[in-house]
Amino acid sequence: GHAINYSDLYNALREKRICAAGLDVRDVNRTHPFKTNLSALNNCYYFPFKECNHTWDMRSAASESVARAVVSALRLGRNSEQEER
């Protein structure tokens, strides 16, 4: 089933209650009212999880890409918090 409440996710990202979110690109084509809004946020990332499940090499490359994006988002969030102080 679907585990994501896109409305809540959008609000949490917009209000900076969470730093960032990574979603499966397959979710982009599903119809949800907040999809367009999520893709407009600079802290919501889409990753090709399904396409990368064929070989361990691709999984490793995808995992590295996701890890780098998460670290980058966390650093941006930390810098934003420091600027607000």
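In this text, residue positions in the sequence shown follow the working numbering: the first is 4, and each later residue adds one. In this text, a Cβ means the ideal position worked out from N, Cα and C, and glycines have one as well. Just so we're clear, the structure is a prediction, and the values are computed from it rather than from any experiment.
- With 16 or more other CB atoms across the displayed protein chains lying within 10 angstroms of its CB, A76 is buried.
- Collapsing the DSSP output to three states places L16 in a helix.
- Between G25 and F50, the CB-CB gap stays under 8 Å.
- If you draw a straight line from the Cα of V74 to the Cα of S10, it is about 25 Å long.
- DSSP places C22 in no beta strand (DSSP E); its state is neither H nor E.
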